[in-house]
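Asks:
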Amino acid sequence: SFLKGIQAYSLEKAEKYCNKGQFEEFKRIVETKNIGLLLAERMINLPALIVPSLHTELPADLAFTKEQDDIQDPKEFDYEYLMVMSRYTVPVQKREEAAAEEKLYYKWEDQVLWPISEVSYTFKATFYEVDEDGNRKSYTGSRDGKEVQHRLVYLIKFDRYLQ
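Take 22 as the starting number for the sequence shown in our numbering and just add one per residue.
#1: If I measure Cβ to Cβ from L60 and keep anything under 8 Å in the same chain, skipping five residues before and after, which residues do I get?
#2: Short of 7 Å in beta carbon distance, which residues of its chain neighbour Y160, apart from the five on each side in sequence? Order them along the chain.
#3: For E150, which three-state DSSP category applies?
#4: Pull up the DSSP beta-bridge partners for S141, would you.
#5: Tell me whether K96 is buried or exposed, calling it buried when 16 or more other Cβ atoms sit within 10 Å of its Cβ.
#6: Since Y102 and I27 are thought to touch, with beta carbons under 8 Å apart, how far apart are those beta carbons, to the nearest angstrom?
#7: May I ask you to list the residues that DSSP assigns as paired with G57?
#8: Applying the criterion that 16 or more other CB atoms from any shown protein chain within 10 Å of the CB defines a buried residue, is F179 buried or exposed?
#9: With respect to the alpha helix (DSSP H) encompassing Y38, which residues constitute its N-terminal and C-terminal limits?
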C-alpha cells in the first residue's frame with residue numbers, strides 16, 4: 022500500500038542517515054507505534070495567521086473522522102506519534118552544517134516542531150531531469166543554484182505536537 026511504501030522509504034533513509042542508536046529508536050517507533058503522517062503542503066504565500074489554525078484544528082478533524090459511518094476502527098486514528106516529512110534550504114556559500122538561523126524552512130512550524138521531536142534525520146534532496154536526448158541525469162542538493170535543498174524527516178509525539 023501507499024503508506025507501507027512511505028514507511029519503507031523512511032526506514033531506508035533513516036538507516037542511511039541516522040547513527041545506530043537513532044536508527045534503532047526510529048525503527049522501534051515506526052514498527053510498534055500508531056503513527057499518523059502529517060502532510061502539510063500548502064500555498065507558499067499562505068498568510069502566517071492562518072497556519073496555526075491548520076494545526077490546532079487537527080484534533081477536531083480526527084474526532085470528526087472517527088465518528089464517520091465508514092470508519093471500521095476509530096482507534097486507528099488515536100496517534101501516538103506524527104511523522105513529518107518536510108524540507109529546508111541552506112545558502113550554498115555556507116558551511117555544510119548550517120546553524121539554525123541559516124536554514125530557510127519551507128514550513129515555518131518545522132522550526133518549532135523539529136527541536137521537540139523524538140528522533141529525526143536530514144539528507145540532501147536528489148533531483149532528476151531528462152535532457153533533450155532523453156538521457157536522465159540526477160544531482161544532489163543544488164544544481165548551480167544559490168541554495169542546497171535538504172529533506173527533513175522527524176517523529177514527534179502527538180501530545181507534544183498538540184502543545
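All residues carry an ideal CB built from backbone N, CA and C; glycine is no exception.
Replies: Looking at the atomic coordinates:
#1: Looking up residue 60 in the sequence shown gives position 39. So the qualifying residues of the chain are M106.
#2: Residue 160 sits at position 139 when you count from the first residue of the sequence shown. Around Y160: F148.
#3: Counted from its first residue, the sequence shown places residue 150 at position 129. Residue state, collapsed to three classes: strand.
#4: As a working mapping, residue 141 is identified with position 120 in the sequence shown. Answer is Y175, bridged to S141.
#5: Start at 1 with the first residue of the sequence shown, and residue 96 comes out as number 75. With fewer than 16 other Cβ atoms within 10 Å, it is exposed.
#6: Stepping through the sequence shown from its first residue, residue 102 is reached at position 81. Stepping through the sequence shown from its first residue, residue 27 is reached at position 6. Not really, about 14 Å apart at Cβ, beyond 8 Å.
#7: Within the sequence shown, residue 57 is the residue found at index 36, counting from 1. Beta-bridge pairing links G57 to L103.
#8: For the purposes of this step, residue 179 is taken as the residue at position 158 of the sequence shown. Burial call: buried.
#9: Mapped onto the sequence shown, residue 38 falls at position 17. Y38 -> alpha helix (DSSP H) spans F23 to Y38.
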